[in-house]
Amino acid sequence: MTEKFELIIFGGDGDLSYRKIYPALYYRLKEGQISDDVRILAVSRKSYDLAKFREKLRSEILFYEKGADLEIVEKLIGMITSSQIDADNQVECDATSTWFTNSTEKVRVFYLATPAAVFGSISKYLHSKNYINENSRVVLEKPLGKDLKSSEQINDEVATYFKEEQIYRIDHYLGKETVQNLMVLRFANNIFESSWNAKDIDNVQITVAESIGVGTRGAFYDQYGALLDMVQNHLLQLLCLIAMEPPVNLEADEVRDEKLKVLKALRFYTPETIEANSIRGQYTRGGTDKDPLPSYLEDIEKFSSKTETFVALKANIDNWRWGGVPFYLRTGKRMPHRYSEIIINFKKVPHNIFMDKKNVESNRLTVRLQPDEKIELLQMVKIPGPGGYRYKPYALELDYADHFEHRFPDAYERLLMDVVRGNQTLFMRRDEVKASWKWVESITKNWEVKNTSNVLYEADSWGPGKHVLEEGHDWAKSHHVKRLEEKEQGE
Ligand code: BG6
Numbered sequence: 001m002t003e004k005f006e007l008i009i010f011g012g013d014g015d016l017s018y019r020k021i022y023p024a025l026y027y028r029l030k031e032g033q034i035s036d037d038v039r040i041l042a043v044s045r046k047s048y049d050l051a052k053f054r055e056k057l058r059s060e061i062l063f064y065e066k067g068a069d070l071e072i073v074e075k076l077i078g079m080i081t082s083s084q085i086d087a088d089n090q091v092e093c094d095a096t097s098t099w100f101t102n103s104t105e106k107v108r109v110f111y112l113a114t115p116a117a118v119f120g121s122i123s124k125y126l127h128s129k130n131y132i133n134e135n136s137r138v139v140l141e142k143p144l145g146k147d148l149k150s151s152e153q154i155n156d157e158v159a160t161y162f163k164e165e166q167i168y169r170i171d172h173y174l175g176k177e178t179v180q181n182l183m184v185l186r187f188a189n190n191i192f193e194s195s196w197n198a199k200d201i202d203n204v205q206i207t208v209a210e211s212i213g214v215g216t217r218g219a220f221y222d223q224y225g226a227l228l229d230m231v232q233n234h235l236l237q238l239l240c241l242i243a244m245e246p247p248v249n250l251e252a253d254e255v256r257d258e259k260l261k262v263l264k265a266l267r268f269y270t271p272e273t274i275e276a277n278s279i280r281g282q283y284t285r286g287g288t289d290k291d292p293l294p295s296y297l298e299d300i301e302k303f304s305s306k307t308e309t310f311v312a313l314k315a316n317i318d319n320w321r322w323g324g325v326p327f328y329l330r331t332g333k334r335m336p337h338r339y340s341e342i343i344i345n346f347k348k349v350p351h352n353i354f355m356d357k358k359n360v361e362s363n364r365l366t367v368r369l370q371p372d373e374k375i376e377l378l379q380m381v382k383i384p385g386p387g388g389y390r391y392k393p394y395a396l397e398l399d400y401a402d403h404f405e406h407r408f409p410d411a412y413e414r415l416l417m418d419v420v421r422g423n424q425t426l427f428m429r430r431d432e433v434k435a436s437w438k439w440v441e442s443i444t445k446n447w448e449v450k451n452t453s454n455v456l457y458e459a460d461s462w463g464p465g466k467h468v469l470e471e472g473h474d475w476a477k478s479h480h481v482k483r484l485e486e487k488e489q490g491e
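Residue numbers for the sequence shown follow the numbering used here, so the first one is 1 and each next one is one higher.
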């Protein structure tokens with residue numbers, strides 16, 4: 001059981017809260033990690049009738065968690081009160097002021113599930129009302145700004161009222177079960193570490209493919225695009241975990257120091273290198289006659305937009321360990337399947353001793369993050385039988401669902417509890433965010449310099465077709481996709 005806490009959710013009537021935060025609380029309560037005396041305040045800008053709010057909350061939780069235990073749902077709902085704070089206009093309802101006490105006994109978590117533009121004004125407001133105490137923490141949802149300048153400004157504003165040790169910048173990818181497992185895979189197994197470098201690894205590929213389009217988030221998404229929405233945070237954090245040096249231990253700053261070094265070693269793009277090392281795309285209409293899919297422009301209800309819904313990058317980490325090893329990052333919306341995976345492609349053996357000189361495939365380590373968590377190591381094996389050496393690649397597979405019966409907790413469950421425990425290891429420190437923005441700006445600025453446009457791709461396809469980043473690397477379709485297609489053909 002965690003310590004006693006109070007949770008104040010700004011944006012408590014918003015999509016993220018219903019989709020992620022309340023279900024995460026439900027599971028933590030169900031599994032006995034949250035005590036009955038936890039108090040939760042769902043804040044929204046408008047005043048909200050408590051009975052109506054609770055009714056909506058009930059139906060939303062049951063929508064996202066079908067088959068939820070009704071008794072636990074009711075218990076959770078009983079712990080949540082709705083209230084109003086409009087920080088910009090300095091308005092709050094009576095229920096808010098009476099809810100806050102002067103006690104500092106419980107950890108007080110302010111969860112800002114709102115646009116980052118209001119993080120500063122909310123923090124200022126909380127300070128003015130004396131709601132922040134030494135036992136308070138604040139959780140900031142991404143995206144933190146649109147560029148380095150706006151991100152720094154938001155961080156400055158929040159830092160006026162909260163110390164860095166009180167600030168939890170969330171990147172939910174860091175809370176995913178298999179992402180956590182990357183740490184165990186790397187640092188609890190000796191066999192990988194000795195070959196985890198430029199001498200033995202040819203390239204690394206990180207793919208986060210989504211089948212959904214922008215849906216109802218069009219107005220928000222159109223201001224960001226795939227680079228800022230996914231690469232600046234999620235994909236870069238994955239890259240850091242793969243590329244960082246072993247930290248001394250799992251203390252927050254030990255891990256974050258190592259991640260920061262990776263971010264600082266990322267090679268900046270220039271007007272000369274940007275075109276050969278990046279590609280951006282936008283989805284057009286696609287699907288089938290029976291099941292047509294709208295274009296991005298139709299989704300956002302605009303005639304034109306330069307926002308990318310797909311991005312692929314060839315990145316380089318200029319340090320001793322990774323010199324010369326390309327890291328391919330790719331993410332897109334409206335792909336045929338949802339999957340995220342990391343592939344480590346090892347180098348070929350230096351010399352083929354076998355008589356027939358048939359291709360000896362190089363080893364490949366695949367870490368599938370979602371939807372079906374899996375680790376796979378491709379190796380060459382001899383095909384049994386007399387005569388000469390015949391060999392083929394064969395995969396050693398660890399399928400999580402087959403080996404572990406545990407429910408895989410959602411990232412938000414772990415991250416929320418980490419905030420209560422005061423563990424910042426899985427949260428981004430300010431200097432990390434700054435370093436990632438600097439690198440991302442070398443892309444956005446050079447796209448502008450070169451007036452780079454989006455390559456159009458059909459919804460329900462794998463993104464822009466053959467392009468410069470694919471040369472020499474078989475990543476147009478990942479291993480996962482090929483397997484799926486083979487399976488479909490076999491059926
Ligand atoms: C969010 C992005 O951070 O991550 C969304 O804003 C994206 O656009 C989502 O769909 C993907 O998360 P997951 O956990 O479904 O891979």
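Backbone N, C-alpha and C fix where the C-beta goes; we use that ideal spot for every residue, glycine too.
From what residue to what residue does the beta strand (DSSP E) around M380 run? For this step, residue 380 is matched to residue 380 along the sequence shown. Looking at the DSSP string, the run of the beta strand (DSSP E) that includes M380 is K374 to K382.
Just to confirm, does D229 get its C-beta within under 6 Å of one of the non-hydrogen atoms of ligand 1? Residue 229 sits at position 229 when you count from the first residue of the sequence shown. Correct: D229 has its Cβ closer than 6 Å to ligand 1.
Check for me: the beta strand (DSSP E) holding R334 runs from which residue to which? Within the sequence shown, numbered from 1, the residue matching residue 334 stands at position 334. Looking at the DSSP string, R334 is not in any beta strand (DSSP E), and its letter there is neither H nor E.
Below-7 Å beta-carbon distance, E308 vs any chain D residue: This model lacks chain D altogether; it includes just one protein chain.
Whole-Å CB distance - R330 paired with A312, under 8 Å assumed: The sequence position of residue 330 within the sequence shown is 330, counting from 1. The sequence position of residue 312 within the sequence shown is 312, counting from 1. Indeed, because the Cβ distance is near 4 Å, the residues count as touching under 8 Å.
What is the DSSP secondary structure of D399, counted as helix, strand or coil? Locating residue 399 in the sequence shown gives position 399, where the first residue counts as 1. Here D399 sits in strand by DSSP.
Nearest to E165 by CA position, among N135, S305 and G281, is which residue? Translated into positions along the sequence shown, residue 165 becomes position 165. Checked all of N135, S305 and G281; the closest Cα to E165 is N135.
Buried or exposed for L50, going by 16 or more other Cβ atoms inside 10 Å? Here residue 50 refers to the residue found at position 50 when the sequence shown is read from its first residue. That one is exposed.
Of all the options T273, E376, R390 and E413, which has the alpha carbon lying nearest to the alpha carbon of S17? Reading the sequence shown from its first residue, position 17 is the one you call residue 17. For S17, the nearest C-alpha among the options comes from E413.
Considering only their Cβ atoms, is the gap separating M428 from D171 smaller than 7 Å? Residue mapping note: residue 171 aligns to position 171 of the sequence shown, counting from 1. Residue mapping note: residue 428 aligns to position 428 of the sequence shown, counting from 1. Yes; because the gap between Cβ atoms is below 7 Å, this pair is in contact.
Just to confirm my understanding: we take G472, look at its own chain, exclude 5 residues before and 5 after, and list those with CB closer than 6 Å. What are they? Here residue 472 corresponds to residue number 472 of the sequence shown, with the count starting at 1. Note that G472 has pLDDT 49, beneath the 50 cutoff, so the model's placement of it is unreliable and the number below is only indicative. None.
What did DSSP end up calling I8 once you bin it into helix, strand or coil? One-based indexing of the sequence shown puts residue 8 at position 8. I8: strand per DSSP, three-state reduction.
Does S304 come out as helix, strand or coil in the three-state DSSP assignment? Looking up residue 304 in the sequence shown gives position 304. Correct three-state label for S304: coil.
Is the beta carbon of E341 closer than 7 Å to that of T366? Translated into the one-based positions of the sequence shown, residue 366 becomes position 366. Translated into the one-based positions of the sequence shown, residue 341 becomes position 341. Their beta carbons are under 7 Å apart, which means T366 touches E341 by this criterion.
Are the stretch 94-111 and the stretch 185-198 touching, with three or more C-beta to C-beta distances below 8 Å? no
Beta-carbon separation (whole angstroms), A395 vs L378, contact threshold 8 Å: To locate residue 395, count along the sequence shown from 1; it is residue 395. To locate residue 378, count along the sequence shown from 1; it is residue 378. At roughly 5 Å, the Cβ-Cβ gap stays under 8 Å, so A395 and L378 are in contact.
Secondary structure of P494, DSSP reduced to three states: Since the first and last residues shown for the chain are 1 and 491, residue 494 lies out of range.
Does the contact criterion of 3 or more C-beta pairs under 8 Å hold for the stretch 375-394 versus the stretch 222-239? no
Quick check: what's the CA-CA separation for L7 versus L126? Mapped onto the sequence shown, residue 7 falls at position 7. Mapped onto the sequence shown, residue 126 falls at position 126. One C-alpha to the other measures close to 14 Å.
Segments of 4+ residues assigned as alpha helix (DSSP H) that fall wholly inside the stretch 108-193: 119-128, 148-161, 177-187 and 190-193
Between which two residues does the alpha helix (DSSP H) holding F220 run? Position 220 of the sequence shown, counted from the first residue, corresponds to residue 220. Taken as a continuous stretch (DSSP letters only), the alpha helix (DSSP H) holding F220 covers G218 to Y221.
Reference A243, options T309, W320 and Q282, closest by Cα: Working through the sequence shown from its first residue, we reach residue 243 at position 243. Of the listed residues, the one whose Cα sits closest to A243 is W320.
What residues in its chain sit with their C-beta under 7 Å from that of T270, if we drop five residues either side in the sequence? By 1-based counting over the sequence shown, the position of residue 270 is 270. N446.
Let me confirm a value: G175 is counted as buried when at least 16 other C-beta atoms fall within 10 Å, else exposed. Which label applies? As a first step, residue 175 must be located in the sequence shown, where it is residue number 175. Buried: at least 16 other Cβ atoms inside 10 Å.
I'd like the span of the alpha helix (DSSP H) that includes Q232, first residue to last. For the purposes of this step, residue 232 is identified with residue 232 of the sequence shown, where counting begins at 1. From DSSP, Q232 is part of no alpha helix (DSSP H); its letter is neither H nor E.
Taking all protein chains shown into account, do 16 or more other C-beta atoms lie within 10 angstroms of the C-beta of D156, making it buried, or fewer, making it exposed? For the purposes of this step, residue 156 is taken as the residue at position 156 of the sequence shown. Classification for D156: exposed.
So is N189 buried or exposed if we call it buried at 16+ other beta carbons inside 10 Å? As a first step, residue 189 must be located in the sequence shown, where it is residue number 189. Exposed.
From the DSSP output, read off the bridge partner residues of S17. Against the sequence shown, residue 17 aligns to sequence position 17. DSSP lists no partner for S17.
Closer than 6 Å by C-beta to D356: which residues in its own chain qualify, once you throw out the five before and the five after it? Chain order, please. Position 356 of the sequence shown, counting from 1, holds the residue named residue 356. Nothing meets the Cβ criterion.
At 4 residues or longer, what runs of the alpha helix (DSSP H) sit wholly inside the stretch 260-329? 274-277 and 296-300
Express the C-alpha separation of R390 and D418 in angstroms, rounding to a whole number. The count along the sequence shown starts at 1 and reaches residue 418 at position 418. The count along the sequence shown starts at 1 and reaches residue 390 at position 390. Roughly 52 Å between the two C-alpha positions.
For L415 and G422, what's the separation of their Cα atoms in angstroms? Counting from 1 along the sequence shown, the entry for residue 415 is found at position 415. Counting from 1 along the sequence shown, the entry for residue 422 is found at position 422. When rounded, the distance between both Cα atoms is 10 Å.
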